[in-house]
Amino acid sequence: MTPDALNRLVAQLSKLPGIGEKTAQRLAFHVLRSPPEYARNLSQALLEVVDKVRLCPRCFSLTDGPTDQPCGFCTDTRRDDKVLCVVEGIADELAIERTREFRGRYHVLHGVLSPLEGVGPDQLRIRELLVRLESGAIDEVIVATNPDVEGEATALYLVRLLRPMGIKVTRLAQGIPMGGDLEYADQATLARALAARRDLEPRVRVR
Amino acid sequence: MVRPSRVDRFEEESIVLSTVDYGEADRIVTLFTLGRGRLSAFAAGARKSKRRFPGALEPATHLKARLVERRGDTYRLDAADVVTSFHHLRSDLGRIARSLYALELCRELTRDHEAHPQLFNSLLEYLALLDRAQAGPTSLIAFELDTLARAGFRPQFAPCLHCHRETGPRPVFDPDVGGAICGNCAPQFPYAVPAEGRVVDALSRLQEGERTPFEAAIRSGARDLLNLFIEHHLGRRLKSVDFLNQVGVD
Ligand SMILES: [Zn+2]
Ligand SMILES: [Zn+2]
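Respectively, the protein sequence lines represent chains A and B.
Residue numbers for the first sequence follow this note's numbering, beginning at 536 and rising by one.
Residue numbers for the second sequence follow this note's numbering, beginning at 45 and rising by one.
The structure is reproduced here in structure tokens:
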């Protein structure tokens, strides 16, 4: 018979996304065979993550700084206060950060308007966004929600709120992915790409 | 009799009603198919790989779906060829709200495996109007009346459900009985709500096929009556109604 403690570990592990009963068992055996320090470190890391990591009170990213203190993105003095990028979730923020192209501030909505799921503006961090914008320091808001129906609805809703405040609202461009193939692009993407076509660099006269 | 276990492959012209994410990589998509009515299909890898169903699984997309039936009740979406993506309607908040409302109404009023070719075509027509920015708020009410009738829930706005005379200036509306009742008969219907004569009148004329745009006050009265009626017959409020309110669209 399997010891109860082992069963409990397998049960907890199999609650993780993408982990079935079999995988949970394999992971549990791995923990058992590893030196005891590994399990202690793992359990401590798990506890720390729930005890220390929280949402930044300004941009709602994750932070493990002191309570009530804004996160690193918000306090980094090398970042541009005038541009704010609005994203659906933390993963999107990290994706944009990886490009190293954006040096402004962030605001994480923690979701998108989802009319068929009953998610409205009040369930997102939109009110907090408006409070941030009232300071007047921000010139441009880049709406970086996904280019699907819900992301578009959210972007259009934000545009409606922010334009009257005199803030420039921009949207991430949509089109053919780099290294993509026109032949396999869907109608909507191709149509957007055509609409958002751009001038090529003016040709330099060669003498 | 035991049905032989076999795999049934077929192609269906469909409209995407809604989708929900499933696990890390997959998605369950609810389709309104022309030949088999509503059905939900498992779209494996739909979230992970954008190439698998490029741009096809967004609500309102009209597509040719290749489906595989697995043991009776579950379906797998194998491939989807977009016929029309109706992406122009996504450039306007009001049109997005109306399209989602129309999709939710159809999703809730139809049942799995019950074909509704007329309803399918009227939804397709309405989405096309929205996509071309040719459908105003009155078109949505007309679409609702049409959809309710085709789904077997036609509200009656004229004549009085009880005495069959004109509903007059002070009618009441009883969703349970199925429509409008004149002021004289009203005392016999304690659960009915007061309605405006001109609203009931306008709805009745719209039902008869008249296509004159309603003014804002009539639309708001009509919206109240339809919300009440739909909520009563579905047993719950449509979620996208709140969205219509939030974005100030009727
Ligand atoms: Zn922050
Ligand atoms: Zn009567």
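Just so you know, even glycine gets a beta-carbon here, dropped at the ideal spot from N, CA and C.
Residue i CB to nearest chain B CB: under 7 Å?
i	result
residue 687/A	yes
residue 574/A	no
residue 684/A	yes
residue 691/A	yes
residue 651/A	yes
residue 553/A	yes
residue 490/A	Here chain A covers residues 536 to 742 and nothing more, so residue 490/A does not appear.
residue 655/A	yes
Do you know how far the Cα of residue j is from the Cα of residue i?
i	j	result
residue 623/A	residue 647/A	6 Å
residue 45/B	residue 105/B	Any answer about residue 45/B is weak, because its pLDDT of 47 lies below 50 and its placement is not dependable; what the coordinates show is given next. Going from the Cα of residue 45/B to the Cα of residue 105/B covers about 39 Å.
residue 209/B	residue 226/B	8 Å
residue 268/B	residue 259/B	15 Å
residue 114/B	residue 59/B	21 Å
residue 627/A	residue 261/B	43 Å
residue 98/B	residue 695/A	29 Å
residue 92/B	residue 712/A	15 Å
residue 250/B	residue 265/B	14 Å
residue 285/B	residue 162/B	24 Å
residue 666/A	residue 592/A	12 Å
residue 66/B	residue 559/A	20 Å
residue 86/B	residue 572/A	43 Å
residue 291/B	residue 137/B	7 Å
residue 233/B	residue 153/B	26 Å
residue 184/B	residue 604/A	49 Å
residue 272/B	residue 215/B	15 Å
residue 631/A	residue 557/A	36 Å
residue 274/B	residue 73/B	24 Å
residue 649/A	residue 607/A	30 Å
residue 580/A	residue 685/A	35 Å
residue 294/B	residue 187/B	13 Å
residue 235/B	residue 79/B	39 Å
residue 239/B	residue 651/A	29 Å
residue 553/A	residue 96/B	20 Å
residue 53/B	residue 131/B	29 Å
Consult DSSP for residue i and reduce its assignment to one of helix, strand or coil.
i	result
residue 223/B	strand
residue 639/A	strand
residue 728/A	helix
residue 600/A	coil
residue 249/B	helix
residue 273/B	helix
residue 129/B	coil
residue 51/B	coil
residue 45/B	With a pLDDT of only 47 at residue 45/B, under the threshold of 50, the placement of this residue in the model should not be trusted, and no figure is reported.
residue 287/B	helix
residue 560/A	helix
residue 673/A	coil
residue 264/B	helix
residue 199/B	coil
residue 705/A	strand
residue 240/B	coil
residue 86/B	strand
residue 191/B	helix
residue 68/B	coil
residue 106/B	strand
residue 545/A	helix
residue 735/A	coil
residue 698/A	helix
residue 164/B	helix
residue 654/A	strand
Using a beta-carbon distance below 7 Å, is residue i in contact with chain A?
i	result
residue 99/B	yes
residue 290/B	yes
residue 283/B	yes
residue 169/B	no
residue 300/B	With chain B covering 45 to 294 only, the question about residue 300/B has no answer from this structure.
residue 267/B	no
residue 148/B	yes
residue 181/B	no
residue 187/B	no
residue 287/B	yes
residue 134/B	yes
Under 7 Å Cβ-Cβ, which residues of chain C neighbour residue i?
i	result
residue 723/A	No chain C is present in this structure, whose protein chains are A and B.
Please find out if some non-hydrogen atom of ligand 4 comes closer than 6 Å to the beta-carbon of residue i.
i	result
residue 220/B	As far as ligands go, the structure on display features ligand 1 and ligand 2 and does not contain ligand 4.
Next on the checklist: When you compare the stretch 157 to 166 of chain B with the stretch 238 to 245 of chain B, are there three or more beta-carbon pairs, one atom per stretch, that lie closer than 8 Å?
Outcome noted: no
Checklist entry - If we count Cβ pairs, one from each stretch, closer than 8 Å, do we get three or more for the stretch 248 to 267 of chain B versus the stretch 136 to 144 of chain B? => result no
Checklist entry - Which residues count as close to ligand 1 when the rule is a CB under 6 Å from any of its heavy atoms, in chain order? => result Output, sorted by chain position: 591/A, 593/A, 594/A, 596/A, 605/A, 606/A, 608/A, 609/A.
Checklist entry - Closer than 6 Å from C-beta to any heavy atom of ligand 2: which residues, in chain order? => result 204/B, 206/B, 207/B, 209/B, 225/B, 226/B, 228/B, 229/B
Next on the checklist: For the stretch 146 to 153 of chain B against the stretch 185 to 198 of chain B, do three or more pairs of beta-carbon atoms, one drawn from each stretch, fall closer than 8 Å, so that the two count as touching?
Outcome noted: Three or more beta-carbon pairs drawn from the stretch 146 to 153 of chain B and the stretch 185 to 198 of chain B are found closer than 8 Å, and the two stretches are therefore classed as touching.
Checklist entry - Would you call the stretch 667 to 675 of chain A and the stretch 610 to 617 of chain A touching, i.e. three or more CB-CB distances under 8 Å? => result yes
Checklist entry - Is the number of C-beta pairs between the stretch 684 to 700 of chain A and the stretch 629 to 640 of chain A that are closer than 8 Å three or more? => result Too few Cβ pairs lie closer than 8 Å, so no.
Item to check | Validate contact between the stretch 206 to 220 of chain B and the stretch 161 to 177 of chain B using beta carbons, cut 8 Å, 3 pairs | outcome: no
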